[in-house]
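Peer 1: Submitted below is the structure of interest, expressed as structure tokens.
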Amino acid sequence: MPEFSSSVKLKYVKLGYQYLVNHFLSFLLIPIMAIVAVELLRMGPEEILNVWNSLQFDLVQVLCSSFFVIFISTVYFMSKPRTIYLVDYSCYKPPVTCRVPFATFMEHSRLILKDKPKSVEFQMRILERSGLGEETCLPPAIHYIPPTPTMDAARSEAQMVIFEAMDDLFKKTGLKPKDVDILIVNCSLFSPTPSLSAMVINKYKLRSNIKSFNLSGMGCSAGLISVDLARDLLQVHPNSNAIIVSTEIITPNYYQGNERAMLLPNCLFRMGAAAIHMSNRRSDRWRAKYKLSHLVRTHRGADDKSFYCVYEQEDKEGHVGINLSKDLMAIAGEALKANITTIGPLVLPASEQLLFLTSLIGRKIFNPKWKPYIPDFKLAFEHFCIHAGGRAVIDELQKNLQLSGEHVEASRMTLHRFGNTSSSSLWYELSYIESKGRMRRGDRVWQIAFGSGFKCNSAVWKCNRTIKTPKDGPWSDCIDRYPVFIPEVVKL
Amino acid sequence: MSCQKTRAVFSCSTVLLYIPQQSLLHFHAFLITPLSNSNKNTIMDLLVMLLSLLVSYLIFKIWKRIDSKRDQNCYILDYQCHKPSDDRMVNTQFSGDIILRNKHLRLNEYKFLLKAIVSSGIGEQTYAPRLFFEGREQRPTLQDGLSEMEEFYIDTIEKVLKRNKISPSEIDILVVNVSMLNSTPSLSARIINHYKMREDIKVFNLTAMGCSASVISIDIVKNIFKTYKNKLALVVTSESLSPNWYSGNNRSMILANCLFRSGGCAVLLTNKRSLSRRAMFKLRCLVRTHHGARDDSFNACVQKEDELGHIGVHLDKTLPKAATRAFIDNLKVITPKILPVTELLRFMLCLLLKKLRSSPSKGSTNVTQAAPKAGVKAGINFKTGIDHFCIHTGGKAVIDAIGYSLDLNEYDLEPARMTLHRFGNTSASSLWYVLGYMEAKKRLKRGDRVFMISFGAGFKCNSCVWEVVRDLNVGEAVGNVWNHCINQYPPKSILNPFFEKYGWIHEEEDPDTFKMPEGFM
């Protein structure tokens, strides 16, 4: 009983402290207003009228003051950087025919790796604990036994996912293809000549003076890198539209050997794509869904251990696959810490920053044994979109940031329904939150993604208008079934 | 954020309501004391006050505009091209040997390829990847591609940073473009790991953008420089040949094997005002044209599998036409930006006269219509605005065609031809080798303008114009890749010495009774 009451008291103390520090300036105004009110009451109505009449409002003074007001406000508004809006986005919904339930995956695995039962068992154990569901999808070429990863098949997968996502986006936003000024396509593991961006330009007959960029090799965080590039370009070009296409093409990268560490991505990566429309036009400020507040990129490539953690290499038989090292979680945690130290001061309220600063000073000066204070990010954000890299990643981040189950629900359910779709998974998660009707005007969303190299990128969006539950979208037919309880181990 | 807003409102209100009132009261009192008539004077005061405020406001706005534009210029501080080690040199004899290794080729294809090599304008001292010398070009491993790139970037980036006394941790932006190599972690991550660059570096890894990719990288850097002040950028451009050898026998795909050579370049750029004195070039304008919307342009250069499943780059017969179209569109946009008004007016007058003369025939913009075989004369004198031309060394035909269209003489085309001869077609980095030639020949003087043009798959045509910031003929180009051989250029003849030796390929031969002549192997 005493612990409960003391913890409740502590909670109220904490709340009071937060209110005091965050609204410090408003609290300062109160005594000033009190003094003014007291003075007014003391003087009485006739005295006030006398003072008013004696003030000589010279025309010159009035004009000058108003001019000055306009002058200062113009300078203030002109020096602000342009607001970047996310008008809308659409995620690709794979057809049911591409579905890969556990039974299909295990049967294929047994047939392809028939001489290596240990590898088959390894894959089964991974799948049991992966957090994936029965509705994730793989491209058609991988459904063959053995898979047929020709360049044609990879191109047709790219066309299938990208074109459908873009058709959907054009329909939703009403944007005409001729109005697109900037196009950025990011796909990590597949880059044919001509590039995927040229393929998009060819299909939609985009303008010849379009600024197109094709980023690749940047891993699962490439979506946010594209947003960064779009932001820099939109700052320079006024009245422009930018389209970002984030995807990962699975067909050419299905590992066909039997090295264990390289079989892991086969079990986790699934088909998916997202197309995002960003703009800096004033006319979009009412219909845009989000505004970009901050974007922070952290690259830990200088550290050798981080660099070799996700590495593409050939195994003994010459099959190419991606090797995930065992220290992936620890390295992700360190990269996240580096990213948080930059983004923290930008987004945390003053109360948390003060506490963090005092604990830092205390550890440095007084006693290094003090526990480091982990700022409470739940005060800065209402929603979290953590890249659905795997169950372990989400668990680790939930622990590090002290988040509740509801905060990471979007990530877990995306992993369950769509698998790890690499750079587009953040957009599926955002779509989940919208479909659940939780997104209100003024809500802040934090998107975190990790990538090979090792990178940690995070973006902060502010919701511009309350979003009604969408009638279409990747979650439209199954949102009522979610959230689903995902057991620790699914017995296969 | 709400606290920021309250802070702003609070401070603004105090400043606005208190300080100007007081200062203006004093100013007003000072002004009206010498004058007598009150009504007239107030109007005078009003006018004077308004005018002075308006003038100061305008001055302030103009000053702010100029100040923000001053730091937006994109300067090239230095660049370093890659000269691979001499044990990687490949001559025509060796090229012939490599082709013979491909057992799928028959006599007709050998003839075709040897003819192509001999008449390509590529000399005897170009460079190839190491695995060609080990006989493994048909079975490349992932490591081959990576080590080829490593050899290149370790050499060039080291040199360019050391020469300018800049440490890798000072680099703020890194853009890497290598078209045909895609690895995890990306090449940019490898460079960051090797040089231990900073955590908050802005890095971009572009692939598959063809031979025009270095201009696209410069475009990214130029845009970032407009928003962020005081930054240093490094652009690393190259092409990976090891994993891309075509081992089939499709005619349209085997040509790509013989044309490309190894090379690369690292360019250091900045927008820092303090370094602008040391800079070499300043970017004046950059124009990108993308013809991907047209199906025939898009399919002119496609990487795909042939009938046997070998992956190669298919170069269609319509490639020259697509290139010409894209080139003309690009010129249409960039010409008004770089040529003086007098030349533009003269050109328009000529066009008008031509139209009036040929008015019975209903021809529209006949000068700018594509006449593929004969090439297109632009009819406009580019030498009025441009002093030097950096043409992408895609091949002898490309240089000839551009020389014809822009009406250039041998002196203008010499850098491109010599680069093609000495280093071959190094894809995206070829422009920088051409620039290096001009610098080594001491042709670049302060105020000169250099025009760079390149083409890429898709079909793209990108061009940019650089202005030379300081005289580059003072002989301090220590790291110039042409230094060791510039005195031998231009040579008396760039005809292939094996032209005579392989003359037999011009004779008709029956493929079934064909026997290799002596001395060929």
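These protein sequence lines map, in sequence, to chains H and S. Using the UniProt record's numbering, the letters of the first sequence map in sequence onto residues 1 to 492. Using the UniProt record's numbering, the letters of the second sequence map in sequence onto residues 1 to 521. Glycine included, every Cβ here is placed at the ideal spot set by N, Cα and C.
Distance check for Y246 of chain S and Q138 of chain S, CA to CA, integer angstroms please.
Peer 2: 8 Å
Peer 1: Between the alpha carbons of K383 of chain S and L431 of chain S, how many angstroms are there, rounded?
Peer 2: Cα-Cα distance, rounded: 19 Å.
Peer 1: Helix, strand or coil for M218 of chain H per DSSP?
Peer 2: coil
Peer 1: Rounded to the nearest angstrom, how far is the Cβ of S183 of chain S from that of E312 of chain H, given a contact under 8 Å?
Peer 2: Yes, they are in contact, since the Cβ atoms of S183 of chain S and E312 of chain H sit about 6 Å apart, within 8 Å.
Peer 1: Run the CB neighbour count on K93 of chain H, radius 10 Å, all protein chains shown included, and call it buried at 16 or more, exposed below.
Peer 2: buried
Peer 1: Could one say the Cβ of N182 of chain S lies closer than 9 Å to chain H's Cβ atoms, at least one of them?
Peer 2: Yes - at least one Cβ of chain H is within 9 Å of the one on N182 of chain S.
Peer 1: Given a limit of 8 Å on CB to CB distance, which residues of the stretch 132–148 of chain H reach chain S?
Peer 2: Those residues of the stretch 132–148 of chain H that come within reach of chain S (Cβ to Cβ, closer than 8 Å) do not exist; the list is empty.
Peer 1: Under the three-state reduction of DSSP, which class applies to K291 of chain H: helix, strand or coil?
Peer 2: strand
Peer 1: Using a Cβ-Cβ cut-off of 9 Å, state whether S185 of chain S counts as contacting chain H.
Peer 2: First, the amino acid is wrong: residue 185 of chain S is Pro here, not Ser. P185 of chain S counts as touching chain H.
Peer 1: Taking the alpha carbon of I250 of chain H as the point to measure from, which residue in H:D228, H:I243, H:A273 has its own alpha carbon closest?
Peer 2: H:A273
Peer 1: Which residues in the same chain as C220 of chain H place their Cβ atom closer than 7 Å to its Cβ, once the five residues preceding and following it in sequence are excluded?
Peer 2: H387, G389, S422, S423, A449, F450, G451
Peer 1: Which residue marks the beginning of the alpha helix (DSSP H) containing Q159 of chain H, and which one marks its end?
Peer 2: 151–173
Peer 1: Of all the CB atoms in chain H, is at least one closer than 9 Å to the CB of G363 of chain S?
Peer 2: Low confidence applies here, because G363 of chain S scores a pLDDT of 44, under 50, leaving its location unreliable and the question unanswered by this model.
Peer 1: Which residue wins for smallest C-alpha separation from H388 of chain S, given the options S:V468, S:R422, S:L232, S:H314?
Peer 2: Ranked by Cα distance from H388 of chain S, the options S:V468, S:R422, S:L232, S:H314 are led by S:V468.
Peer 1: Which residues share a DSSP beta bridge with T237 of chain S?
Peer 2: S:N177, S:C265
Peer 1: Could you tell me which residues DSSP pairs with Y204 of chain H in its beta bridges?
Peer 2: DSSP lists no partner for Y204 of chain H.
Peer 1: What residue range does the beta strand (DSSP E) around G456 of chain S cover?
Peer 2: 449–456
Peer 1: Looking at the C-beta of A302 of chain H, does it have a partner C-beta in chain A at a distance below 9 Å?
Peer 2: As a matter of chain content, chain A is missing from the structure shown, whose protein chains are H and S.
Peer 1: Going along chain S in order, which residues have a C-beta closer than 7 Å to the C-beta of M218 of chain H?
Peer 2: Those are S186, N205, listed as they occur along chain S.
Peer 1: Taking Cβ to Cβ, would you say I173 of chain S is nearer than 9 Å to K196 of chain S?
Peer 2: no
Peer 1: So N223 of chain S contacts chain H; which residues on that side make the cut at Cβ distance below 9 Å?
Peer 2: Ordered by position in chain H, the residues that pass the 9 Å Cβ test against N223 of chain S are K211, L229, D232, L233, Q235, V236, H237.
Peer 1: Given R285 of chain H, which residues of its chain have a CB within under 8 Å of its CB, disregarding the five upstream and five downstream residues?
Peer 2: T83, Y85, N464
Peer 1: Return the residue from the list S:H310, S:A416, S:K321, S:N164 that minimises the CA-CA distance to A300 of chain S.
Peer 2: Selected option, being the one with the closest Cα: S:K321.
Peer 1: What three-state label does DSSP hand H182 of chain S in the structure shown?
Peer 2: Note on identity: in this sequence residue 182 of chain S is Asn, with His being the wrong assignment. It is coil, neither helix nor strand.
Peer 1: Going along the chain, which unbroken runs of the alpha helix (DSSP H) with 4 or more residues stay wholly within the stretch 257–344 of chain H?
Peer 2: 260–268, 304–307
Peer 1: Identify the continuous alpha helix (DSSP H) that holds C478 of chain H and give its terminal residues.
Peer 2: Here C478 of chain H belongs to no alpha helix (DSSP H), and DSSP marks it neither H nor E.
Peer 1: Just by C-beta distance, which residues in the stretch 127–144 of chain S are closer than 9 Å to chain H?
Peer 2: R139, T141, L142, Q143
Peer 1: Measuring alpha carbon to alpha carbon, tell me which residue in S:L105, S:S95, S:N249, S:M418 is nearest residue 522 of chain S.
Peer 2: Chain S is shown only over 1 to 521; residue 522 of chain S falls outside these bounds and no answer can be derived.
Peer 1: Residues in the same chain with beta-carbon distance under 6 Å from K272 of chain S, minus the five sequence neighbours each way, listed in chain order, please.
Peer 2: N230
Peer 1: Can you list the beta strand (DSSP E) stretches of 3 or more residues lying completely in the stretch 297–324 of chain S, in chain order?
Peer 2: Those beta strand (DSSP E) runs which fall completely within the stretch 297–324 of chain S and span 3+ residues are 301–305, 311–315.
Peer 1: Quick one: give me the first and last residue of the beta strand (DSSP E) that R288 of chain S is part of.
Peer 2: Element bounds for R288 of chain S: 281–290.
Peer 1: At the 9 Å Cβ level, is P101 of chain H part of the contact set with chain S, yes or no?
Peer 2: no
Peer 1: Could one say the Cβ of S191 of chain H lies closer than 9 Å to chain S's Cβ atoms, at least one of them?
Peer 2: yes
Peer 1: Residue ranges of each alpha helix (DSSP H) run of no fewer than 4 residues wholly in the stretch 378–404 of chain H, ordered along the chain?
Peer 2: 391–401
Peer 1: For a test of the three-state rule: what should DSSP assign to Q18 of chain H, helix, strand or coil?
Peer 2: Of the three classes helix, strand and coil, the one that applies to Q18 of chain H here is helix, per DSSP.
Peer 1: With which residues is E248 of chain H paired in a DSSP beta bridge?
Peer 2: H:G272
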